[in-house]
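Sequential numbering of the sequence shown, starting at 4, is according to my numbering.
One structure is given here, and the rest of the page talks about it.
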Amino acid sequence: MTRFLTALIALTFVGTFATAPLKAQEFSDAQKTEIQKMFNEYLSQSGEAIINSVNTFQAKQMEEQQAAANEKAKGFIETIKKSDNNTIAGNPAGDVTIVEFFDYNCGYCRKALMEVEKLLEADKNVKFVFIDMPILGPQSMEASKWSLAAAKQNKYFDYHRAIMNHSGPKDESSLTKLAQDLGLDVEQLKSDKDSPEIDAMIQKNLEQATEIGIQGTPGFIIETEVARGYITADQMQEMIKKFR
Numbered sequence: 004m005t006r007f008l009t010a011l012i013a014l015t016f017v018g019t020f021a022t023a024p025l026k027a028q029e030f031s032d033a034q035k036t037e038i039q040k041m042f043n044e045y046l047s048q049s050g051e052a053i054i055n056s057v058n059t060f061q062a063k064q065m066e067e068q069q070a071a072a073n074e075k076a077k078g079f080i081e082t083i084k085k086s087d088n089n090t091i092a093g094n095p096a097g098d099v100t101i102v103e104f105f106d107y108n109c110g111y112c113r114k115a116l117m118e119v120e121k122l123l124e125a126d127k128n129v130k131f132v133f134i135d136m137p138i139l140g141p142q143s144m145e146a147s148k149w150s151l152a153a154a155k156q157n158k159y160f161d162y163h164r165a166i167m168n169h170s171g172p173k174d175e176s177s178l179t180k181l182a183q184d185l186g187l188d189v190e191q192l193k194s195d196k197d198s199p200e201i202d203a204m205i206q207k208n209l210e211q212a213t214e215i216g217i218q219g220t221p222g223f224i225i226e227t228e229v230a231r232g233y234i235t236a237d238q239m240q241e242m243i244k245k246f247r
């Protein structure tokens with residue numbers, strides 16, 4: 004960031020010479036020294052103002068992006084509340100709904116799961132909805148298919164935790180073993196995971212994430228407020244207070 008700003012300031016400074024006629028010969032050492040001195044003086048006098056201007060512009064952009072994302076999240080959350088989505092944890096009738104977009108190969112998603120469990124243990128009136136967003140490769144996609152198939156057997160959250168906490172590859176062998184450990188019907192899982200219905204669900208999830216402006220995982224929506232990246236249980240609780 005500092006290098007970018009310095010380059011920007013340098014371009015601004017050089018721009019002051021733009022109307023001067025160009026010479027074929029290079030600057031002499033004395034001229035180079037004088038130009039460097041002038042640049043340093045310009046930087047010391049105007050650099051802070053330019054940096055502040057850039058920071059203000061970036062902050063405004065972020066505010067506008069956040070406001071747009073929050074606005075789009077409103078309709079999404081209303082749809083989630085009315086749906087019979089079974090990729091949930093916590094209280095299905097909770098007074099606050101939280102959504103997490105995640106990927107099974109995302110390290111911060113795995114870390115966030117501990118915070119989600121902590122939140123749900125402390126607050127029994129939260130409905131937590133998991134939205135599979137497999138963007139980190141074929142194994143992420145396969146794991147999402149298996150977990151969504153597990154939802155048909157009403158074992159989504161248990162299987163979700165098992166996959167997320169599994170440190171090895173998320174391949175057919177490991178996904179089968181995790182399913183067997185939970186007493187899932189593995190043959191039914193294998194049949195369901197490749198259904199057009201589950202393919203459509205995943206595609207819809209990816210489209211919704213793009214529409215809201217969530218480009219990476221994890222991404223959270225607390226009622227109508229979007230939070231990108233990893234957040235703690237305490238941070239979630241603070242955001243929940245705004246909606247109670």
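Every residue gets a Cβ at the ideal spot worked out from N, C-alpha and C, and that includes glycine.
(request) For glycine 171, count neighbouring Cβ atoms within 10 angstroms of its own Cβ and tell me buried if that reaches 16, exposed if not. (result) By the neighbour-count rule (16 or more Cβ atoms within 10 Å), glycine 171 is not buried but exposed.
(request) With DSSP collapsed to three states, give me the class of aspartate 197. (result) coil
(request) Please go through the region 168-228 and give each complete beta strand (DSSP E) segment of 3 or more residues, from N-terminal end onward. (result) 222-225
(request) Report the option in Gln240, Glu226 and Pro221 whose CA atom is closest to the CA atom of cysteine 109. (result) Comparing Cα-Cα distances from cysteine 109 to each of Gln240, Glu226 and Pro221, the minimum goes to Pro221.
(request) Check whether the region 70-80 touches the region 216-230, counting contact only when three or more Cβ pairs, one atom from each stretch, lie closer than 8 Å. (result) yes
(message) Given this structure, state the Cα-to-Cα distance separating glutamate 228 from alanine 76, to the nearest angstrom.
(response) Rounded to whole angstroms, glutamate 228 to alanine 76 spans 7 Å at the Cα level.
(message) For a cutoff of 7 Å on Cβ pairs, would you count lysine 84 as touching chain C?
(response) Given the protein chain composition of this structure (a single chain), no chain C is represented.
(request) On the DSSP bridge assignment, give the partners of arginine 231 in chain order. (result) Beta-bridge pairing links arginine 231 to Gly222.
(message) From the DSSP secondary-structure annotation, give me the bridge partner or partners of isoleucine 83.
(response) Partner(s): none; isoleucine 83 has no beta bridge.
(request) Throw me the rounded Cβ distance for the phenylalanine 105 and methionine 136 pair, which I believe falls under 8 Å. (result) 6 Å
(message) Starting from alanine 92, trace the beta strand (DSSP E) in both directions and tell me its first and last residue.
(response) Per DSSP, alanine 92 belongs to the beta strand (DSSP E) from 91-93.
(message) Pull the bridge partners of aspartate 135 from the DSSP assignment, please.
(response) Phe105
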